[in-house]
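A.B. asks: One structure is given below, represented as structure tokens, and several questions about it will come after.
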Amino acid sequence: MTKNVFIANWKMNLPSGFEFYLESLSKLTVSSNTTIIIAVPFPYLYQANKIVTHDTTRSDEVMIAAQNIHTKLKGAYTGEVSIDMLKDLDIQYVIIGHSERRQYFYEDNTIIVKKIEQATNKNINVIFCIGETSDERQKNKTFDILTDQLGILKRFENLDRIIIAYEPVWAIGTGVTATSSQAQEVHSFIRRWIMNNFDNNTAETTSIIYGGSVNEENIYDLVKQPDINGGLVGGASLSLQKFTNIINSVVDP
Ligand code: PGA
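To get the working numbering, take the position in the sequence shown, counting from 1, and add 598.
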């Protein structure tokens, strides 16, 4: 069964009363097939992970993610954080390939594949973001771009530790969401790509989530689509109430 995954990406923001936010989420009752992940800025990882209860008997565990790692394990890279440092904090997820990293920090496929290797070598789960720009969509290049971005996954034996987030760049932080049918078309393309490059079982079990101006209103139509397994939420995730309503979209549609 494909897991539903809802990720709050706080980016370089901190919701007011973030301790209360995390405590409340860790007490939330959700379907046993749902994973909730909160991607917090580096300095708060330790505290966030401590607040969130890691009770292995609960299936609705709330997990903490980092928003980035470096390609190297250690060395003279001022300001950077390695995967081993995340392991020391017992962090089990990391976002890699976010369009803001691609755009503002010039991360390309070569860098992204190294980061995915670092994470998966250490058994850390990866939230791998892909998506086309508005220009690329207008020029009908969406599927070529996605094929290129997905291509780096071929280096890996399996996708056991990968969640794919389809985030059209034109929808991130703009208030313009892909329609549920636009998103479904791409998600089903991604699932077919996995089927063709891995196998049927991998295609069925890999969570493919949508990101880009997800909110309390549009999430219902999105998660109703057969190939959309949850959301990666930026702006709306800064509000506990909004993010909780988004998570509840699969429980109470
Ligand atoms: P947004 O961000 O929900 O604010 O559009 C999504 C993301 O960047 O992951």
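Note that the Cβ used here is the ideal one computed from N, Cα and C, for glycine as well.
Please read these numbers as outputs of a predicted model, since none were measured by experiment.
Just the Cα atoms here: how many angstroms apart are Y691 and K737?
C.D. replies: Spanning the two alpha carbons is a distance of roughly 34 Å.
A.B. asks: Tell me the DSSP secondary structure of G749 in three-state form.
C.D. replies: Helix.
A.B. asks: Between I689 and I662, is the Cβ-Cβ spacing less than 8 Å?
C.D. replies: Yes; because the gap between Cβ atoms is below 8 Å, this pair is in contact.
A.B. asks: Are the region 742 to 758 and the region 619 to 633 touching, with three or more C-beta to C-beta distances below 8 Å?
C.D. replies: In short, these stretches do not touch, since the Cβ pair count stays below three.
A.B. asks: So does I770 have its beta carbon nearer than 7 Å to some heavy atom of ligand 1?
C.D. replies: Yes, the beta carbon of I770 sits closer than 7 Å to at least one heavy atom of ligand 1.
A.B. asks: Between the beta-carbon of Y644 and the beta-carbon of L612, is there less than 8 Å?
C.D. replies: Cβ distance not < 8 Å, so Y644 and L612 don't count as in contact.
A.B. asks: Cα separation between I762 and G809?
C.D. replies: So the two alpha carbons sit approximately 10 Å from each other.
A.B. asks: Taking the straight line between their C-alpha atoms, what separation do you get for V711 and E621?
C.D. replies: Answer to the nearest angstrom: the Cα atoms are 34 Å apart.
A.B. asks: According to DSSP, is L612 part of a helix, a strand, or is it coil?
C.D. replies: Three-state DSSP puts L612 in coil, outside helix and strand.
A.B. asks: Please report how far the alpha carbon of N602 lies from the alpha carbon of D797, in whole angstroms.
C.D. replies: So the two alpha carbons sit approximately 20 Å from each other.
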